[in-house]
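Here the protein sequences come in this chain order: U and H.
In terms of our numbering, the first sequence has 51 at position 50, counting the first letter as 1, and numbering is strictly consecutive.
In terms of our numbering, the second sequence has 106 at position 105, counting the first letter as 1, and numbering is strictly consecutive.
Comments concern the structure below.
Number of protein chains: 2
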Amino acid sequence: MSERQQPLGPGTVLGILGGGQLARMIALAAADLGIRAHVYAPEAENPAYDVCARRTVAAYEDEDALAAFAAAVDLVTYEFENVPAATAAFLEARTLLRPGAAALAVTQDRLSEKRFVAGLGLAVAPFRQVDGAEDLAEAIAALGRPSVLKTRRFGYDGKGQVKIGADTRPDTAFAEIGAAPAILEGFVAFAREVSVVAARGPDGAFAAFDVCENEHRHHILAETRIPARIEPGCAEAAIDAARRIAEALGYVGVFAVEFFLVEDAAGQRIVVNEIAPRVHNSGHWTSEGAETSQFHQHVRAVCGLPLGSAARCGDVVMNNLIGDQADDWLAILADPGAHLHLYGKGASRPGRKMGHVTRVSRRAD
Amino acid sequence: MSERQQPLGPGTVLGILGGGQLARMIALAAADLGIRAHVYAPEAENPAYDVCARRTVAAYEDEDALAAFAAAVDLVTYEFENVPAATAAFLEARTLLRPGAAALAVTQDRLSEKRFVAGLGLAVAPFRQVDGAEDLAEAIAALGRPSVLKTRRFGYDGKGQVKIGADTRPDTAFAEIGAAPAILEGFVAFAREVSVVAARGPDGAFAAFDVCENEHRHHILAETRIPARIEPGCAEAAIDAARRIAEALGYVGVFAVEFFLVEDAAGQRIVVNEIAPRVHNSGHWTSEGAETSQFHQHVRAVCGLPLGSAARCGDVVMNNLIGDQADDWLAILADPGAHLHLYGKGASRPGRKMGHVTRVSRRAD
């Protein structure tokens with residue numbers, strides 16, 4: 002379906018694939034703009050249903066349900082990069098899918114993503130394709146130890162990956178990730194992790210939030226801080242990399258690029274780690290910390306509306322509430338500097354993202 | 002039902018009577034705190050249904066529906082002061098109603114409200130009870146012309162009132178407001194209108210947003226500006242009046258007190274015009290302009306959670322989008338300083354509140 006050029010304004014029905022906290026926050030932002038959210042997800046209960054105008058509870062492979070969904074909405078977006086390719090293609094043939102299936106195809110496979118980024122002349126960790134334990138042995142020989150074996154698909158929050166240490170056996174490691182098509186990534190000795198959350202509109206308009214610094218614990222984002230400890234030139238390079246990635250993908254919507262920040266005698270430089278074709282946890286600080294939140298920005302971008310100001314309002318710290326950390330809600334509410342966001346999930350299980358808190362030190366214009 | 006002292010946290014189901022934009026924005030704020038909104042309203046379609054977890058479509062007099070609603074929620078609040086007294090009493094006997102029926106009873110009748118405020122020693126416009134054209138003639142003789150005849154109940158946005166000019170006949174005027182029980186208010190020569198939006202918790206905690214200045218056009222709020230042009234002592238008096246009103250009502254939740262600001266040789270002084278026992282249009286600026294929005298604050302207050310910071314983030318202007326003003330949404334979205342809020346109403350009818358825009362000039366701490 003050809004791209005519509007008219008902006009989609011108030012009254013638009015925005016279809017969202019996926020019903021987690023990201024879909025929930027997209028739906029809440031859409032509501033501010035008079036746009037109705039129609040959430041499509043397989044779960045009987047999930048965080049997004051509570052705040053959306055319509056819902057379809059069906060499998061992503063259910064073509065009857067998908068066809069009815071496509072007919073009921075003005076466009077479709079999604080909260081996760083693992084939308085099945087067939088689902089994306091089916092929807093894109095029937096309605097506007099933003100970001101498009103092409104961006105999804107590149108970014109949901111670590112190997113194609115790495116090749117794509119390297120093809121733009123951007124630095125990535127050294128990598129090798131791994132289709133079996135034998136490939137892995139060769140790849141380890143080439144890239145050395147330590148290194149990281151990652152499945153090409155369906156990895157997030159450290160799932161689907163295993164560290165190759167001094168004594169790790171290739172066959173054991175390959176079995177551990179489910180003997181799935183994989184890549185081996187060489188170790189990057191990084192000083193810290195930073196990311197750029199940005200938006201691109203269908204007209205090519207581009208707006209990036211300030212580079213943020215991310216701290217992971219147990220492979221899950223724990224804290225984001227803005228400003229990041231990064232040299233101005235390096236921050237510019239990171240934002241430029243994000244822009245080039247978005248341009249090359251013909252991307253429409255908000256996305257994140259995660260970088261390793263390497264510091265050595267030559268100074269700082271960035272290495273692209275991962276692209277997330279969606280709103281991103283490292284952009285949650287924007288809800289109170291920027292003039293436009295990443296969720297509002299995503300709705301603006303996919304609807305072809307003018308992008309909002311990405312200026313930040315101060316110095317910001319965002320902390321995820323993982324598992325039982327969310328049980329501290331009363332203390333957080335009593336902190337006058339804290340903005341609490343909870344996702345409406347029932348039980349707090351270990352490792353589950355239950356909510357987040359932002360704290361903003363306001364600054365002058 | 003006795004007041005529960007435990008704070009109502011995540012997972013709480015908050016019942017809301019009324020389904021307009023105020024209910025919508027309360028529901029959106031509740032979602033941020035992991036609280037589910039159950040909206041009860043008579044309309045088949047309305048702005049709040051699109052963002053709430055549950056809805057009951059029924060008349061406010063439908064006791065079966067009210068009983069089921071009371072059983073399905075943890076507490077009930079409302080977006081409008083004209084909740085029928087019987088409805089409030091019915092609900093209060095079955096669940097927690099915040100603000101309570103007593104506050105509602107006082108504020109939904111202009112006569113009882115005036116007497117209550119005057120009883121606190123606060124200045125109000127001179128007033129007389131008017132139950133017929135004859136009363137009105139006597140009241141006009143006492144209070145003079147110009148003056149304003151207002152129905153005791155169900156007035157808002159200038160509805161249910163008529164100005165008594167030099168030539169207005171009492172019988173005509175009384176007929177014009179539907180020959181309903183009314184009051185005549187003497188004319189107050191005010192310099193401007195200001196309001197205080199504040200919250201009180203069940204434990205007596207109190208937090209007021211900064212005094213704001215309101216400009217009405219055709220009896221409908223057009224613009225709110227913060228800071229208001231008011232002397233510090235007078236601003237303190239306004240906030241103190243709001244606090245005393247809330248204390249005397251045993252009020253729980255967010256409310257607004259509208260004042261006339263009178264300026265004469267003796268300086269500035271405030272005259273209480275009206276109390277609104279609910280979130281209020283003159284508090285819409287808080288969404289981006291204060292650390293806690295009035296909607297979040299209302300949810301915190303009624304749920305017995307700690308009140309949030311009411312500090313403002315800068316100088317703020319809020320403009321209502323009335324009728325076809327909302328058709329300018331594209332231009333507003335293109336203004337990097339504007340935060341657009343649309344209520345999801347379909348057709349823009351003259352005089353209909355379709356949305357609002359806030360603009361914040363950030364300032365340092």
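We treat Cβ as the ideally placed atom computed from N, Cα and C, and that holds for glycine.
- One alpha carbon belongs to A66/U, the other to Y79/H, and they sit about 37 Å apart.
- In the three-state reduction of the DSSP assignment, G16/H falls in the strand class, which pools E and B.
- Against chain U, the CB of S310/H has a partner CB under 8 Å away; the residue lies at that interface.
- DSSP places R25/H within a helical segment (H, G or I) once states are collapsed to three.
- Between P127/U and L144/U a beta carbon distance of about 5 Å is seen, short of the 8 Å cut, so the two are scored as contacting.
- For V52/U, the residues of chain H that pass the 7 Å Cβ criterion are A32, V52, in the order they occur in the chain.
- Here V52/H is not near L76/H, since their CB atoms are 8 Å or more apart.
- Among the residues facing chain U, G356/H is included, as its CB has a counterpart in that chain under 8 Å away.
- Within chain H, no C-beta atom comes less than 7 Å from the C-beta of C235/U; the nearest is roughly 26 Å away.
- Close to R301/H, with beta-carbon spacing below 8 Å, are these residues of chain U in chain order: L334.
- DSSP, read as helix, strand or coil, puts Y50/H in helix.
- Within chain H, the C-beta atoms nearer than 8 Å to that of G10/U come from W330, L331, in chain order.
- Scanning its chain for C-beta atoms nearer than 7 Å, with the 5 sequence neighbours on each side dropped, one finds around E82/H the residues L105, T108, Q109, A277, P278, R279, in chain order.
- A Cβ-Cβ separation of about 11 Å leaves V303/H out of contact with L34/H under the 8 Å criterion.
- Within 8 Å of the CB of C314/U, the CB atoms of chain H belong to C314, R363, in sequence order along the chain.
- DSSP assignment within the region 106-178 of chain H yields the following whole alpha helix (DSSP H) runs of 4 residues or more, N-terminal first: 111-120, 134-144, 171-177.
- Burial of G284/H is indicated by the presence of at least 16 other C-beta atoms within 10 angstroms of its C-beta.
- By the Cβ criterion, the region 342-353 of chain H is in contact with the region 40-58 of chain H, since at least three pairs of Cβ atoms, one from each stretch, lie closer than 8 Å.
- Within the model, the alpha-carbon separation for R129/U versus K115/U is close to 10 Å.
- Taking C-beta atoms as the reference points, I27/U and T13/U fail to come closer than 8 Å.
- A339/H is a Cβ neighbour of R360/H, given a cutoff of 8 Å.
- Listed along chain H, no residue sits closer than 8 Å to L23/U by beta-carbon distance, the nearest being about 14 Å off.
- When DSSP reads this structure, T78/U sits in a beta bridge with I17/U.
- Cβ atoms of A190/U and A247/U stay farther apart than 8 Å, at about 28 Å.
- Between L137/U and A192/U, the beta carbon gap of about 28 Å keeps them out of contact (Cβ cut-off 8 Å).
- Annotation: Cβ neighbours of Y344/H in chain U (cutoff 8 Å, chain order): G35.
- Taking a 10 Å sphere around the C-beta of Q6/U, we find fewer than 16 other C-beta atoms and assign the residue as exposed.
- One Cα belongs to A42/U, the other to L98/U, and the distance between them is close to 16 Å.
- Across the set E194/H, A86/H, R111/H, the C-alpha of A86/H shows the shortest separation from the C-alpha of P100/H.
- Per DSSP, reduced to three states, the secondary structure at G268/H is strand.
- Judged by DSSP secondary structure, S288/H falls within the alpha helix (DSSP H) whose first and last residues are 287-290.
- Here R313/H is buried, its C-beta having at least 16 other C-beta atoms within 10 Å.
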